[in-house]
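Numbering (the working numbering), first residue to last: 419 to 804. Note that CB positions come from ideal geometry on N, CA and C, so glycine has one too. Quick notes on the structure that follows.
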């Protein structure tokens, strides 16, 4: 057991930190005001720097590194803003990894390298108007007809909706009830019958598009089936990695707030001295540091124990739940330390607080993670319907 990053990991972290902090804060502010996602040119620059698909095999266009390396880079970008980091999130821990793990060779070769090169964005379409936490209640249907799959239904809360080039669509592919009938299909944006609702106006996540998806007899090739009916467990295994990414995005809001707060409390003077000289401030900074470090270690544990595979539901849920909760606490405390400046939109603190709350809802709410953790502890699933 080693709690130190390797020299190569430190070098990767420093490269990501230098790029993110020197180039991206101004862009993050522009995105916050416009709500427009990062430009195609910026995403191509990410690709050129090797920041997309860090943990994707080299033969599919990635760097071939591990999940831990991907999360290290993700935190550095996430400290700048969620929107700035989102393309890295999607390429390294997002739905494209389900295609890489379970899709056909032809589907993998068509999609994964394009994501790593910055030429394609892939989003996931899971939730529905009446199926969020109760995901196995989804009703979007994919019917196999001759040499294609015909999809009908509606998806909600799709991060990337209307903007991404393709979607990993969770849908019912057989008449089997519950999870046994669920699989996933890849649907490209420009296919006939796919339309999008208006862009959501959210409390945070500005620059991360979100909209409904409407499927009206959308036809895709059988080769676009990522996981057939009965493969819900596989999809959730891939989603355990996305949980670690969600946890890291939450952590980044907290760790970025902490870094700014440490600098601010040493510069800000009241009553003739820096406010760090007040014991109450010292205690708050210490508490924030403990929470950030603990969250990071839980995330690193989940990623390291998985090596180059997929994290366990128990460890990924613990990491996500804890990081989601401390992110809200740490960003709130940082705002209080900044006083009126923290509450002002002229500074990134209030944005981090708003985004921190979002990460505790996205990708499985905090309480659902606690149910997952309890299930893992006792070794059985709980039926919430009884």
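Can you round the beta-carbon distance between residue i and residue j to whole angstroms, since I take them to be within the 8 Å contact cut?
| i | j | result |
| --- | --- | --- |
| residue 678 | residue 767 | 7 Å |
| residue 624 | residue 465 | That belief does not hold up - the Cβ atoms of residue 624 and residue 465 are roughly 23 Å apart, past 8 Å. |
| residue 510 | residue 461 | No, residue 510 and residue 461 are not in contact; Cβ-Cβ is about 13 Å, not under 8 Å. |
| residue 682 | residue 756 | 6 Å |
| residue 771 | residue 749 | 4 Å |
Quick check on the DSSP output: the alpha helix (DSSP H) that includes residue i runs from which residue to which?
| i | result |
| --- | --- |
| residue 786 | 784-796 |
| residue 660 | 650-685 |
| residue 466 | 458-467 |
| residue 508 | 500-510 |
| residue 530 | 523-534 |
| residue 716 | 697-723 |
| residue 740 | 731-756 |
| residue 434 | 425-441 |
| residue 488 | 485-496 |
| residue 606 | Careful: residue 606 lies outside any alpha helix (DSSP H), inside the beta strand (DSSP E) at 600-606. |
Nearest CA to the CA of residue i: which residue from the options?
| i | options | result |
| --- | --- | --- |
| residue 731 | 467, 772 and 798 | 798 |
| residue 507 | 533, 618, 761 and 442 | 533 |
| residue 470 | 512, 600 and 455 | 512 |
| residue 586 | 713, 596, 762 and 645 | 645 |
| residue 703 | 676, 711, 722 and 594 | 676 |
| residue 741 | 432, 419, 664 and 728 | 664 |
| residue 368 | 505, 578 and 637 | This structure does not reach residue 368, given that the chain is present from 419 up to 804, and the question cannot be answered. |
From residue i to residue j, what distance separates their C-alpha atoms?
| i | j | result |
| --- | --- | --- |
| residue 481 | residue 429 | 14 Å |
| residue 790 | residue 691 | 48 Å |
| residue 450 | residue 612 | 28 Å |
| residue 773 | residue 669 | 11 Å |
| residue 792 | residue 484 | 28 Å |
| residue 442 | residue 761 | 22 Å |
| residue 591 | residue 562 | 8 Å |
| residue 446 | residue 496 | 10 Å |
| residue 651 | residue 476 | 27 Å |
Given a threshold of 16 other Cβ atoms within 10 Å of its Cβ, counted over all protein chains shown, does residue i qualify as buried or as exposed?
| i | result |
| --- | --- |
| residue 526 | buried |
| residue 551 | exposed |
| residue 666 | buried |
| residue 788 | exposed |
Taking the beta strand (DSSP E) that residue i belongs to, which residues open and close that run?
| i | result |
| --- | --- |
| residue 574 | 566-577 |
| residue 588 | 584-590 |
| residue 397 | In the structure as shown, the chain starts at 419 and stops at 804, and residue 397 therefore has no counterpart that could be examined. |
| residue 612 | 612-614 |
| residue 633 | 628-639 |
| residue 541 | 540-543 |
| residue 643 | 643-645 |
Under 8 Å, Cβ to Cβ, is there at least one residue of chain B near residue i?
| i | result |
| --- | --- |
| residue 641 | Annotation note: the requested chain B is absent from the structure, which comprises a single protein chain. |
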